[in-house]
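Just below is one structure, and these are the notes that go with it.
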Amino acid sequence: MSQKRKLADTADADNHARGPSKKKPFRPGKGHRKHKRQDLDQGEGKGPSISELKSRIRDLRRLLDHVESDPKARMPANVRIERERELEACQHELEEKTAAAQDAERRRHMISKYHHIRFFDRQKATRILKRLRRQLATETDATEGADETPERRKLLREIHDAEVAVNYAIYYPLMKRYIALYPKSKREMKNTDGESNTQEGNSENTAKGDPEMWAAVERAMEEGTLDKLRNSDDGSAGRRPLPKTKSHGTTKKSARENAKKTAQPKQPQIGEQEDDDSDGGFFE
4 MSQKRKLADT
14 ADADNHARGP
24 SKKKPFRPGK
34 GHRKHKRQDL
44 DQGEGKGPSI
54 SELKSRIRDL
64 RRLLDHVESD
74 PKARMPANVR
84 IERERELEAC
94 QHELEEKTAA
104 AQDAERRRHM
114 ISKYHHIRFF
124 DRQKATRILK
134 RLRRQLATET
144 DATEGADETP
154 ERRKLLREIH
164 DAEVAVNYAI
174 YYPLMKRYIA
184 LYPKSKREMK
194 NTDGESNTQE
204 GNSENTAKGD
214 PEMWAAVERA
224 MEEGTLDKLR
234 NSDDGSAGRR
244 PLPKTKSHGT
254 TKKSARENAK
264 KTAQPKQPQI
274 GEQEDDDSDG
284 GFFE
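Under our numbering, think of the first position of the sequence shown as 4, with each following residue one higher.
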């Protein structure tokens, strides 16, 4: 009778039959770059890309130039009109896509430029807000059932300012140059950690920043338009339109100057006529 083969012998035989296994070398970041490129291609939007539009515009221009230069390569009038309209449409779409790409690139640059400053301002304002809310909770527990005290009113004002500071750091317009709420001076940078902590504790409630944007953030909090303010170009979404008073004065001033300029050439003509009359009388 034949003996059964052991499991180890069969496994070795299978491995020899298949041959040595070849593993692909590991390349870090290769797959990540591929997915990132796919995300960028999907983010360009629907329709042809910028390179495709440029090549199509180049082909249409060559076709129309060839038709004009070579009399043999004429095309019907309706076909020529269609090609010209297509060329204009491609040029218009290329301008729009180029402007959108430039805006997106500028937006990414501004976000990355002020990311750390905004992050530190938001962290500090959030820390101040939490501390003030804890103080308010202890104040309400201590004075439960009593009238509103001046300290409580002061805490409420400080809490409101801290909430505005947090929203200032989050919803400040992304396309506008960011002005820090808590800028560090050169003296604070040279101090040690302990000294800087004491200075921070003394002046952490005093937020600086841009006063106009501070008022715009407060107004946006009341109206519920913080997202609109964040995505605006220059923060005009949270500002009220100013009355145009100077423009009327400039137009009136320019109108007066134009009237003077038009009235000035009339004076020399009268003098020239008098000179002509006198010369003529003398020679007569």
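Beta carbons are placed, not taken as given, at the ideal position from N, Cα and C, and that holds for glycine.
By the CB criterion at 8 Å, Glu89 and Leu63 fall inside the cutoff.
In the structure shown, Asp106 falls within a helical segment according to DSSP collapsed to helix, strand and coil. Per DSSP, Pro214 is one residue of the alpha helix (DSSP H) stretching across 214-226. About 4 Å separates the beta carbon of Leu184 from that of Asp124, a gap short enough to meet the 8 Å contact definition. Apart from sequence neighbours up to five positions away, the residues of its chain that approach Arg86 with a beta-carbon distance below 7 Å are Leu63, Leu66, Leu67, ordered along the chain.
Within the same chain, Cβ atoms closer than 8 Å to the Cβ of Leu132 are found at Ile162, Ala165, Glu166, Ala168, Val169, the five residues on either side in sequence being excluded. Nearest to Ser235 by alpha-carbon distance, out of Ser54, Arg110, Ile84, His69, is Arg110. Annotation note: the stretch 51-110 contains no uninterrupted beta strand (DSSP E) run of length 3 or greater. Within a 10 Å sphere around the beta-carbon of Ala80 sit fewer than 16 other beta-carbons, which makes this residue exposed.
For Lys211 and Lys157, the gap between their C-alpha atoms comes out near 19 Å.
Membership of Ile120 in the alpha helix (DSSP H) is indicated by the continuous run 118-145. Taking the Cα positions, Ala140 is about 33 Å away from Pro176.
Put simply, of Ser52, Lys187, Glu147, Gly227 the residue whose alpha carbon is nearest the alpha carbon of Glu99 is Ser52. Nearest in C-alpha terms to Asp230, of all of Arg160, Arg155, Tyr174, Ser115, is Tyr174. With contacts defined as CB atoms closer than 8 Å, Arg121 and Glu142 fail to qualify as a contacting pair.
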